[in-house]
DNA sequence: AGCTTGATTGCCT
DNA sequence: GGCAATCAAGCTA
């Protein structure tokens with residue numbers, strides 16, 4: 003029952019262009035704890051990586067190409083690319099040439115759909131890596147350049163405090179020491195553990 | 001060669 | 001058993 007002093011639920015806050023119109027290294031840790039749903043399926047972001055245009059490891063390092071065009075498009079849109087010829091990776095575009103790779107999330111919504119897409123019912127294996135995450139959420143090239151807002155996507159910030167781990171990004175041959183990987187400390191849903199501090 | 005995954009192997013938590 | 005390290009498959013640029 004609602005008490006007289008309450009005026010009803012707060013409007014659900016949603017992350018919009020202003021949230022993303024910043025450097026990726028600022029946005030990436032801020033995305034931890036955010037709920038991400040694609041067509042109603044997803045969970046809580048627990049691992050991200052930042053990429054910037056002056057970063058030799060970034061797709062945007064050598065300027066716009068047909069493949070990375072979305073990285074130079076509107077902030078708050080998706081950048082989706084294929085890796086190793088077989089997996090899709092989902093990024094959020096920040097200010098021009100910046101993007102955040104979504105590496106892992108804690109499944110919360112549509113778990114059965116994700117399990118079917120992934121071919122496993124092991125929750126920890128549904129979204130514990132960028133390729134797995136994209137498969138579980140049904141992300142393909144069709145989402146490349148698309149805005150990350152209703153009805154296709156929902157981004158809802160958390161009101162919980164965040165403890166972040168940081169460390170080197172994964173799988174790089176350049177700038178391997180730059181600590182632009184961020185994770186929810188102690189989460190069992192990370193793609194890999196963070197190196198001991 | 002590449003911002004990975006899944007299966008395999010080895011080692012403790 | 002559960003987790004961490006190792007290795008090769010798989011396609012596009």
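In this note's numbering, the protein residues as written are 3 to 199.
Yeah, the Cβ is synthetic: ideal placement off N, Cα and C, and Gly gets one too.
{"Asked": "Residue span of the beta strand (DSSP E) that contains residue 51, given as start and end", "Found": "43 to 53"}
{"Asked": "The stretch 187 to 195 in contact with the stretch 41 to 54 per 3-pair CB rule at 8 Å", "Found": "yes"}
{"Asked": "Proximity winner among 91, 127 and 15, relative to residue 101 (alpha-carbon distances)", "Found": "91"}
{"Asked": "Cβ pair residue 140, residue 119 closer than 8 Å", "Found": "yes"}
{"Asked": "Close Cβ partners of residue 81 (< 6 Å) along its chain, the five nearest in sequence each way excluded", "Found": "72, 73, 93, 95 and 101"}
{"Asked": "Residue environment, residue 32, which counts as buried when at least 16 other CB atoms sit within 10 Å", "Found": "buried"}
{"Asked": "Validate contact between the stretch 138 to 156 and the stretch 33 to 42 using beta carbons, cut 8 Å, 3 pairs", "Found": "yes"}
{"Asked": "Closest by C-alpha distance to residue 175, when choosing among 60, 55, 156 and 24", "Found": "60"}
{"Asked": "Separation of residue 113 from residue 181, as counted between CA atoms", "Found": "31 Å"}
{"Asked": "Residue 172, DSSP secondary structure in three states", "Found": "coil"}
{"Asked": "Residue interval of the beta strand (DSSP E) (run including residue 34)", "Found": "Neither: residue 34 is in no beta strand (DSSP E) and is coded neither H nor E."}
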